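Protein chains in written order, with the working numbering: chain A, 1 to 216; chain B, 1001 to 1432.
Using N, Cα and C, we set each Cβ at its ideal position, and we do this for glycine too.
Here the structure is a predicted model, which is why all the values come from computation and not from measurement.
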Amino acid sequence: MSVLIFMRTRRPVRAANKEKTRKAILRAAIELFARKGFYATTTKAIARKAGIAEGTLFNYFPTKEDLALYFFEEEQNAVIAWYGGDKQVKSAPLPEKLFAIVQRFLDRLAPYEEFIGAVYLRALSPTSKLNPVSLQMQERNLRYLRFIRSVLQEAEEAGEIPKVGDFGAYSFGLFHLAMITYWLQDRSKGKEATLAMLDRCLKISTHVLKKGGWDW
Amino acid sequence: MGLVTKLKANEGTVRRGYRLGRLGLSIVGSYVGYQAQNIWLGDDGRAARAARLRQRASRRVREELGELKGAAMKLGQLLSLQGQTLPEDVVRELAQLQMHAPAMHPSLARAQFKGSLGAYPEEVYREFQAVPFAAASLGQVHRAIAKDGAQVAVKIQYPAIRAAIENDFTLLSSAMLPGRMAGYFPKTLVDELRRGILEETDYHNEAANLELFHRGLSRLKYLTIPTVYRELSSDRVLTMSYVEGESFDEFLRRRPPQALRDLVGSRIVEVYHGQLQWLKAVHADPHPGNYLFHSDGRIGLVDFGCVKRIDMAPIVEAYRQRSWRDGPEGERRILTFIFGARAPLARARQFIPIMDTQADILFPRGASPVTDYRNPKIWDALRSSSEFALRNKLIAPDFAFLTRADLGLYHLLHRLGARVNISEIWQAASHQ
Chain A
1 MSVLIFMRTR RPVRAANKEK TRKAILRAAI ELFARKGFYA TTTKAIARKA GIAEGTLFNY
61 FPTKEDLALY FFEEEQNAVI AWYGGDKQVK SAPLPEKLFA IVQRFLDRLA PYEEFIGAVY
121 LRALSPTSKL NPVSLQMQER NLRYLRFIRS VLQEAEEAGE IPKVGDFGAY SFGLFHLAMI
181 TYWLQDRSKG KEATLAMLDR CLKISTHVLK KGGWDW
Chain B
1001 MGLVTKLKAN EGTVRRGYRL GRLGLSIVGS YVGYQAQNIW LGDDGRAARA ARLRQRASRR
1061 VREELGELKG AAMKLGQLLS LQGQTLPEDV VRELAQLQMH APAMHPSLAR AQFKGSLGAY
1121 PEEVYREFQA VPFAAASLGQ VHRAIAKDGA QVAVKIQYPA IRAAIENDFT LLSSAMLPGR
1181 MAGYFPKTLV DELRRGILEE TDYHNEAANL ELFHRGLSRL KYLTIPTVYR ELSSDRVLTM
1241 SYVEGESFDE FLRRRPPQAL RDLVGSRIVE VYHGQLQWLK AVHADPHPGN YLFHSDGRIG
1301 LVDFGCVKRI DMAPIVEAYR QRSWRDGPEG ERRILTFIFG ARAPLARARQ FIPIMDTQAD
1361 ILFPRGASPV TDYRNPKIWD ALRSSSEFAL RNKLIAPDFA FLTRADLGLY HLLHRLGARV
1421 NISEIWQAAS HQ
């Protein structure tokens, strides 16, 4: 009986603590990645900075790739949460909504550009967990794709675009990946070329969806 | 040269690339086509054909440019300023073009702002209006309240417009310069246009212009020129004090009395002459949208993206004195000044009757030396310069510029219905 009570009360606390440690590790890692780079940062250094034993670090994140996965997940969650609360964007036309979503993402990623670049390179390896078709990545992307689908659905219901369903969400997901690649390569001031590209692509694709074609 | 106009919806941005491609063949193409035919057609056919082609060309230009954005629009406006190289009908169409730039939606404007200044607008201003109140040719203008409580105007440039302009010029040069047509679109002129527009994409230049004009024209107490907030400006963002005033149309709608029209007209001329004499630089965009008016005669002047550094005072002085009447040396001096040392003097000399007419209109002599801008004949007299130059293949970019500025001024003063003693204003300015 007492054991049961103990477990009931302690479990949420323990879970919350775990989450706290997880976030502390991520913060430490991200800071090191941003400063020293993804490859040059050792797990030992991350553990030291997070104030935990290296062994404990492995309990949370077996590899640096797992850290990167967690990072993206957190970023996605943050963008999804922001979208729900931004009235101006929520009431904007579809191209602006999608622009704001991607831009928000890029804006958050901006301090960690080098790290993102390294992760992207790593993701090209078929055996990497960061590969877009890896089980781990798909799992995380699914949540994001569901979010995008809901945004597209709003536009479908408002008559802004015809029904595009899952296909629309998947296409946008790929476009989003491509835009991050473009952004990583963008050497223009303030990455304005990415802004122009993003804006233009979204306007063109919405136009095509609306009119069912393109006046070449 | 941001023509301040109401914004239109985002329509048409997407077709830009495609349209530009076609534009290369229509604005340039049809005009070049006309010039090509000009070479073979006899005089009779030439006139009719030219009129037809020009009409078609100007309609096309309007259709095409009307839906085009930033770079090409900018180009159209600048071509319209360079009246010498395009036929007058086309120029007039171009001059009428109002900016229907694609509004950057709030999310894009914010992102571009942050990309340039490192912070979002709401972080650096007390208040920022996400919806712009005016379009400028290379960007759009938002109202905001600075942290110190001052009303400001914030101009934000379209992302990557510089690259777009460079592409346009590559396209233009390649479409423009085949064989003998090159004479009508000399590379120097295209390069000059390119340089001017690209310079305009750096708002640091505009900030410097604003400061120059602010200082140089401060003695004109009725004139307001925005002040720059340097710490809230960059190459692509420009924060300025907000200038109050009515638009030209609003001002005219109140049916101002003749005395006020004359006063405002004279002041506009004085502002212009002050630039020519004191600054040796001219606000290159005499579009009504760049002036703001008050019913007590005060004037605001905005948008200093396109400023031309130019010393035209000797020409104005020569016109005032009719210096060409002093004999062959006087003739030679003014003609070389206008058309350059290498221009054939015999051909250039045919310009003298035109100068006579223009001088009598702008600097009339006699008991009442006043130019009445209500007289529509002034337009013909002024534009005959560009026609002459075009017909005789005499290229004088600086003079063409002056002519355009005069035409722009005429346009404004004609609609205002002002009577102005230009000579008196010029002399008064030269004594200050």
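*Residue-chain proximity (glutamine 185 (chain A), chain B), Cβ-Cβ < 8 Å*: Looking up residue 185 (chain A) in the first sequence gives position 185. Answer no: the Cβ-Cβ gap between glutamine 185 (chain A) and chain B never drops below 8 Å.
*From B:Ser1241, B:Leu1276, B:Gln1129 and B:Pro1257, residue whose alpha carbon lies closest to that of alanine 1405 (chain B)*: As a position in the second sequence, residue 1405 (chain B) is number 405, starting the count at 1. Per the Cα distances, B:Leu1276.
*asked:* Taking a contact to mean a Cβ-Cβ separation below 8 Å, would you say tryptophan 1426 (chain B) touches histidine 1273 (chain B) in this structure?
replied: Taking the second sequence and counting its residues from 1, one reaches residue 1426 (chain B) at position 426. Taking the second sequence and counting its residues from 1, one reaches residue 1273 (chain B) at position 273. Yes, they are a contact pair.
*Taking DSSP as the reference, what is the three-state secondary structure of methionine 1240 (chain B)?*
Reading the second sequence from its first residue, position 240 is the one you call residue 1240 (chain B). The DSSP-derived three-state label of methionine 1240 (chain B) is strand.
_Cβ shell of proline 162 (chain A) (< 6 Å), same chain only, five flanking positions each side left out_ = Within the first sequence, numbered from 1, the residue matching residue 162 (chain A) stands at position 162. So no residue of the chain qualifies.
*Looking at the structure shown, is lysine 23 (chain A) part of a helix, part of a strand, or coil, going by DSSP?*
In the first sequence, residue 23 (chain A) corresponds to position 23, counting from 1. It is helical.
*Under 8 Å, do leucine 1292 (chain B) and glutamate 1246 (chain B) count as touching if we go by C-beta distance?*
Position 292 of the second sequence, counted from the start, is the residue given in the question as residue 1292 (chain B). Position 246 of the second sequence, counted from the start, is the residue given in the question as residue 1246 (chain B). Yes; because the gap between Cβ atoms is below 8 Å, this pair is in contact.
*Rounded to whole angstroms, how far is the Cβ of glycine 37 (chain A) from the Cβ of glutamate 139 (chain A), which I believe are closer than 8 Å?*
For the purposes of this step, residue 37 (chain A) is taken as the residue at position 37 of the first sequence. For the purposes of this step, residue 139 (chain A) is taken as the residue at position 139 of the first sequence. Contact doesn't hold; Cβ gap of about 27 Å is too wide.
*Could you name the residues of chain B that valine 89 (chain A) contacts, counting a contact when the two beta carbons are closer than 8 Å?*
Taking the first sequence and counting its residues from 1, one reaches residue 89 (chain A) at position 89. Neighbours of valine 89 (chain A) on chain B, chain order: Ser1107.
*Measure the Cβ-Cβ separation of valine 1237 (chain B) and serine 1116 (chain B) and say whether it is below 8 Å.*
Taking the first residue of the second sequence as 1, we reach residue 1237 (chain B) at position 237. Taking the first residue of the second sequence as 1, we reach residue 1116 (chain B) at position 116. Yes, they are a contact pair.
*Roughly how many angstroms separate the alpha carbons of valine 1152 (chain B) and tyrosine 120 (chain A), rounded to a whole number?*
Counting from 1 along the second sequence, the entry for residue 1152 (chain B) is found at position 152. Counting from 1 along the first sequence, the entry for residue 120 (chain A) is found at position 120. Going by the C-alpha atoms only, they are around 43 Å apart.
*Could you confirm whether any beta carbon from chain C is found closer than 8 Å to the beta carbon of glutamate 192 (chain A)?*
In the structure shown, chain C cannot be found, because the protein chains are A and B.
*Grab the span of the beta strand (DSSP E) containing arginine 187 (chain A) for me, first residue to last.*
One-based indexing of the first sequence puts residue 187 (chain A) at position 187. Looking at the DSSP string, arginine 187 (chain A) is not in any beta strand (DSSP E), and its letter there is neither H nor E.
*In angstroms, rounded to a whole number, what distance separates the CA positions of aspartate 1326 (chain B) and isoleucine 1352 (chain B)?*
Within the second sequence, the letter at position 326 stands for residue 1326 (chain B). Within the second sequence, the letter at position 352 stands for residue 1352 (chain B). Roughly 12 Å separates the two Cα atoms.
*Give the secondary structure of histidine 176 (chain A) by DSSP, where H, G and I count as helix, E and B as strand, and everything else as coil.*
Along the first sequence, one-based indexing puts residue 176 (chain A) at 176. Correct three-state label for histidine 176 (chain A): helix.
_One question on the structure: do tyrosine 1120 (chain B) and lysine 1155 (chain B) come within less than 8 Å of each other, judged by their Cβ atoms?_
The residue given as residue 1120 (chain B) occupies position 120 in the second sequence. The residue given as residue 1155 (chain B) occupies position 155 in the second sequence. The answer is no: Cβ separation not under 8 Å.
*Give, in chain order, every unbroken run of the beta strand (DSSP E) that is at least 3 residues long and sits entirely within the segment 1356-1432 of chain B.*
none
*In this structure, does DSSP put tyrosine 39 (chain A) in helix, strand or coil?*
As a working mapping, residue 39 (chain A) is identified with position 39 in the first sequence. If DSSP states are grouped into helix, strand and coil, tyrosine 39 (chain A) belongs with coil.
*Give a yes or no on whether the minimum CB-CB distance between proline 1159 (chain B) and chain A is below 8 Å.*
Residue mapping note: residue 1159 (chain B) aligns to position 159 of the second sequence, counting from 1. Chain A, which has a Cβ nearer than 8 Å to the Cβ of proline 1159 (chain B), makes this yes.
*Please classify asparagine 59 (chain A): is it buried, with 16 or more other beta-carbons within 10 angstroms of its beta-carbon, or exposed?*
Residue mapping note: residue 59 (chain A) aligns to position 59 of the first sequence, counting from 1. When all chains shown are included, asparagine 59 (chain A) counts as exposed.
*Sub-8 Å separation of phenylalanine 1399 (chain B) and isoleucine 1338 (chain B) beta-carbons*: As a first step, residue 1399 (chain B) must be located in the second sequence, where it is residue number 399. As a first step, residue 1338 (chain B) must be located in the second sequence, where it is residue number 338. Yes. Within cutoff.
*Check each residue of the segment 1104-1135 of chain B: if its Cβ is closer than 8 Å to any Cβ of chain A, include it; give the result in chain order.*
Met1104, His1105, Pro1106, Ser1107, Leu1108, Ala1111, Gln1112, Lys1114, Gly1115, Ser1116 and Ala1130
*Just checking, does the segment 1255-1267 of chain B make contact with the segment 1287-1306 of chain B on the three C-beta pairs under 8 Å criterion?*
yes
*Does any C-beta atom of chain A lie closer than 8 Å to the C-beta of alanine 1163 (chain B)?*
To locate residue 1163 (chain B), count along the second sequence from 1; it is residue 163. Chain A, which has a Cβ nearer than 8 Å to the Cβ of alanine 1163 (chain B), makes this yes.
*asked:* Quick check on this structure: which residue in B:Arg1349, B:Tyr1319 and B:Glu1329 has the alpha carbon closest to the alpha carbon of leucine 1382 (chain B)?
replied: Taking the first residue of the second sequence as 1, we reach residue 1382 (chain B) at position 382. Ranking B:Arg1349, B:Tyr1319 and B:Glu1329 by Cα distance to leucine 1382 (chain B) puts B:Tyr1319 first.
*Kindly identify the DSSP beta-bridge partner or partners of tyrosine 1125 (chain B).*
By one-based count along the second sequence, residue 1125 (chain B) stands at place 125. For tyrosine 1125 (chain B), which the question treats as bridged, DSSP gives the partners B:Ala1146.
*Among the residues of its own chain, which have a CB less than 6 Å from the CB of glutamine 1157 (chain B), if the five just before and after it don't count?*
In the second sequence, the residue the question calls residue 1157 (chain B) occupies position 157. The answer, listed in chain order, is Leu1138, Gly1139 and Arg1236.
*Near glycine 173 (chain A), what residues of its chain come up, given a Cβ to Cβ distance below 6 Å and the 5 sequence neighbours on each side ignored?*
For the purposes of this step, residue 173 (chain A) is taken as residue 173 along the first sequence, with counting starting at 1. Leu145, listed in sequence order.
*asked:* Taking the straight line between their C-alpha atoms, what separation do you get for glutamine 1082 (chain B) and proline 1369 (chain B)?
replied: Within the second sequence, numbered from 1, the residue matching residue 1082 (chain B) stands at position 82. Within the second sequence, numbered from 1, the residue matching residue 1369 (chain B) stands at position 369. Any answer about glutamine 1082 (chain B) is weak, because its pLDDT of 48 lies below 50 and its placement is not dependable; what the coordinates show is given next. Those two C-alpha atoms are separated by around 30 Å.
*Cross-strand partners of glycine 1139 (chain B) (DSSP beta bridge)*: Locating residue 1139 (chain B) in the second sequence gives position 139, where the first residue counts as 1. According to DSSP, glycine 1139 (chain B) bridges with B:Ala1136 and B:Gln1157.
_Close Cβ partners of leucine 1301 (chain B) (< 7 Å) along its chain, the five nearest in sequence each way excluded_ = Counted from its first residue, the second sequence places residue 1301 (chain B) at position 301. Excluding sequence neighbours, leucine 1301 (chain B) sits near Leu1223, Ile1225, Val1271, His1283, Asn1290 and Tyr1291.
*tyrosine 70 (chain A): first and last residue of the uninterrupted beta strand (DSSP E) it sits in*: As a working note, residue 70 (chain A) is residue 70 in the first sequence. For tyrosine 70 (chain A), no beta strand (DSSP E) run applies; the uninterrupted alpha helix (DSSP H) run containing it begins and ends at 64-85, by DSSP.
_Output needed for arginine 149 (chain A): all residues of its chain with C-beta closer than 8 Å, excluding positions within five of it in sequence on either side, in chain order._
Translated into the one-based positions of the first sequence, residue 149 (chain A) becomes position 149. Scanning its chain for C-beta atoms nearer than 8 Å, with the 5 sequence neighbours on each side dropped, one finds around arginine 149 (chain A) the residues Gly165, Asp166, Gly168 and Ala169, in chain order.
*Residues bridged to tyrosine 1291 (chain B) [DSSP beta-bridge criterion]*: Working through the second sequence from its first residue, we reach residue 1291 (chain B) at position 291. The bridge partners DSSP lists for tyrosine 1291 (chain B) are B:Leu1301.
*Using a Cβ-Cβ distance under 8 Å, would leucine 152 (chain A) count as near chain B?*
The residue you call residue 152 (chain A) lines up with position 152 of the first sequence. So no, leucine 152 (chain A) is outside the interface.
*Comparing alpha-carbon positions, which option in B:Gly1340, B:Gly1149, B:Phe1128 and B:Ala1150 lies nearest histidine 1142 (chain B)?*
Against the second sequence, residue 1142 (chain B) aligns to sequence position 142. Looking at the Cα atoms, B:Phe1128 is the closest of the given residues.
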